[in-house]
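Number of protein chains: 2
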Amino acid sequence: MHTKIDIYSELRKRLTSNGFDHGAKLRAEVLRDEFKCSASAVREALFRLATVGLVNFQEQRGFRVPQRSGQKLIELTHMRVLLESEGAAMSIRNGGIAWEARLTAAHHKLSHIEKRIHASEDSSGLIDLWFSSEHEFHQTLISACGSETLKQTHSVIYAQFRQQLMKADRKFNFISENIRQHADILDAALAADEILTRERISDHLARHLTGKTLED
Amino acid sequence: MHTKIDIYSELRKRLTSNGFDHGAKLRAEVLRDEFKCSASAVREALFRLATVGLVNFQEQRGFRVPQRSGQKLIELTHMRVLLESEGAAMSIRNGGIAWEARLTAAHHKLSHIEKRIHASEDSSGLIDLWFSSEHEFHQTLISACGSETLKQTHSVIYAQFRQQLMKADRKFNFISENIRQHADILDAALAADEILTRERISDHLARHLTGKTLED
DNA sequence: ATTCTAAATAATTTCGAGATTTTGCTATAT
DNA sequence: ATATAGCAAAATCTCGAAATTATTTAGAAT
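Chain order of the listed sequences is A and B.
Just so it is clear: in the first sequence, position 152 is 152 by our numbering, and no numbers are missing.
Just so it is clear: in the second sequence, position 175 is 1175 by our numbering, and no numbers are missing.
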């Protein structure tokens, strides 16, 4: 038996990691079987997901997974740059040793996984691990900013960003560039150089501003 | 008879304009009478409001209006500065004549109301008008930024900001300072001076960063 | 062949009753 | 007096069936 929160998190996970196709219809009456609960419970979860942008809802027409869109990815990337730059700058000012330690740890973990992906032929088993480690690194970057509001907003935007890329990011052609960029961000942050950190976050995300990342 | 969207918007309006006390309990079984509908319909609306931060929800403990909090107001103000500065700068670059015209119009309307409030003894009849005009001016400021995502995020943050202030802003002690600040923002925006516009938006909102605006 | 209409089918939304959980009250013991 | 346990009342949550609305299909007319 699944609890209400399980339904929400399970759906959220699928919506951000290739569990549904873009544009797919999400019928409560169908999903209820998987979760062994009523349609209303699923419906409620879908509603909540709709207000954080991971599901589209239309009156009398049900729920759908948002379509892929180059414009949307550009906007989400822009928001990420805005929020992460600001959050990282604030963390540099307020974070102290504890934050630096957490950031170093998060980078160490991410870096290890990225190197394994870079080395191996078949990286399919490492995808989920990379997604969560990449998320953790970027989350840690802003974790000492002192604003719950900024962190919550970032988490909403990040999930939508991930959803747009759930198909595209699976080939890891970008991985060697990424390894360097993550290290560069870490260095700038540890050097407490706000301007440089902002620049490097911006550079890191720049490849999503070309409108090319969604092409298959 | 009320439709579902009416329930949502009516509750949203009350939650941002002194319709409920801070911390008040929101019982679906009670509110159903006002809307002449089932508790489930109200419950659904409350859920949706919870995910945009206008209502707090706790499992098995129902819904509440968020408490006032100096820290939260500071964070929301900071987010407004971040989003409005960026949105205004982008609008300056992309907006063109049409945007300038809309901004001038919005300012004209707001300015007219602010002067009436400044002059009159009893401004209570003008409160709602001022709220909506002030909102419209700030919304217009970022309206040509080209990013739906930024505009939607701003609208969520703005609503929460307004909710924090729904009691406090009713005395209008700040109004004469505000008249000048809005005019200054308009001037800088029309002069296409991005840096100055950013500064003036920041100055305009600065009084909410002191933690004093919530005191009665 | 195409367009329009109407019936049939399918999907979505509303609703209130029953099940579950929390909260408030009272009695008892320390 | 304070704390605890048990009981009663109230609030919340779940669910499936009924009502509403959308979509598809089939038939008729241009």
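Ideal Cβ placement from N, Cα and C applies to all residues, glycine included.
Contact set for residue i: own chain, Cβ-Cβ below 6 Å, skip 5 residues either direction
{"i": "A:C145", "result": "G87, M90, S91"}
{"i": "A:E29", "result": "A39"}
{"i": "A:F57", "result": "A50, F63"}
{"i": "B:H1022", "result": "V1065, Q1067, R1068"}
{"i": "B:E1194", "result": "A1089, I1092"}
{"i": "B:I1179", "result": "E1114"}
{"i": "A:T3", "result": "none"}
Own chain residues within Cβ distance below 7 Å of residue i, not counting five before or after
{"i": "B:F1174", "result": "R1207"}
{"i": "A:I201", "result": "V81, E84, S85, A88, I185"}
{"i": "A:F137", "result": "A106, H107, L110, H182"}
{"i": "A:E100", "result": "L190"}
{"i": "B:R1032", "result": "S1038, A1039, V1042"}
{"i": "A:R116", "result": "L126"}
{"i": "A:K72", "result": "Q164"}
{"i": "A:M166", "result": "T16, S17, N18"}
{"i": "B:S1123", "result": "I1117, F1172"}
Cross-chain neighbours of residue i in chain B, by beta carbon under 8 Å
{"i": "A:M79", "result": "S1147, T1149, L1150, T1153"}
{"i": "A:E44", "result": "E1044, F1047"}
Between the CA atoms of residue j and residue i - distance to the nearest angstrom
{"i": "A:A191", "j": "B:S1017", "result": "46 Å"}
{"i": "B:L1103", "j": "A:F47", "result": "35 Å"}
{"i": "A:G96", "j": "A:A188", "result": "15 Å"}
{"i": "A:T77", "j": "A:K151", "result": "16 Å"}
{"i": "A:Y158", "j": "A:V55", "result": "14 Å"}
{"i": "B:I1005", "j": "B:R1012", "result": "10 Å"}
{"i": "A:A168", "j": "A:T213", "result": "7 Å"}
{"i": "B:S1176", "j": "B:E1059", "result": "45 Å"}
{"i": "B:T1197", "j": "A:R198", "result": "21 Å"}
{"i": "B:Q1160", "j": "B:G1053", "result": "7 Å"}
{"i": "A:L141", "j": "A:N94", "result": "12 Å"}
{"i": "B:L1215", "j": "A:A98", "result": "According to the sequence displayed, residue 1215 of chain B carries Glu and not Leu. Approximately 34 Å between the Cα atoms of the pair."}
{"i": "B:H1154", "j": "A:V156", "result": "13 Å"}
{"i": "A:Q139", "j": "B:Q1139", "result": "29 Å"}
{"i": "B:S1143", "j": "B:T1149", "result": "11 Å"}
{"i": "A:A24", "j": "A:M79", "result": "26 Å"}
{"i": "B:E1010", "j": "A:R170", "result": "44 Å"}
Sequence-distant residues of the same chain with beta carbon closer than 8 Å to residue i, five excluded per side
{"i": "A:I7", "result": "F35, C37, A41, V42, A45"}
{"i": "B:F1020", "result": "R1014, L1026, V1065"}
{"i": "A:Q181", "result": "R200, D203, H204"}
{"i": "B:I1074", "result": "H1208, L1209, G1211"}
{"i": "A:I113", "result": "L126, L129, W130, S133"}
{"i": "A:S120", "result": "L126"}
{"i": "B:S1147", "result": "G1087, M1090"}
{"i": "A:R162", "result": "T16, S17, F131, H135"}
{"i": "A:G70", "result": "G211, L214"}
Closer than 7 Å at the beta carbon, the chain B residues around residue i
{"i": "A:T51", "result": "R1048, T1051, V1052"}
Chain A residues whose Cβ lies nearer than 9 Å to that of residue i
{"i": "B:E1075", "result": "G146, S147, E148, T149, L150"}
{"i": "B:L1015", "result": "In chain order: nothing, as chain A lies at least about 15 Å away."}
Helix, strand or coil at residue i [DSSP, three-state]
{"i": "B:F1047", "result": "helix"}
{"i": "A:F63", "result": "strand"}
{"i": "B:F1020", "result": "coil"}
{"i": "A:L26", "result": "strand"}
{"i": "A:N173", "result": "coil"}
Listed by chain order, chain A residues near residue i by CB distance under 7 Å
{"i": "B:L1141", "result": "Going along chain A, no residue has its Cβ under 7 Å from B:L1141, so there is no contact; the nearest lies around 16 Å."}
Proximal chain A residues relative to residue i, where beta-carbon distance stays under 8 Å
{"i": "B:E1086", "result": "L82"}
> In chain order, what residues of the segment 173-204 of chain A put their CB closer than 9 Å to some CB of chain B?
Replying inline: none
> Just by C-beta distance, which residues in the segment 95-122 of chain A are closer than 7 Å to chain B?
Replying inline: none
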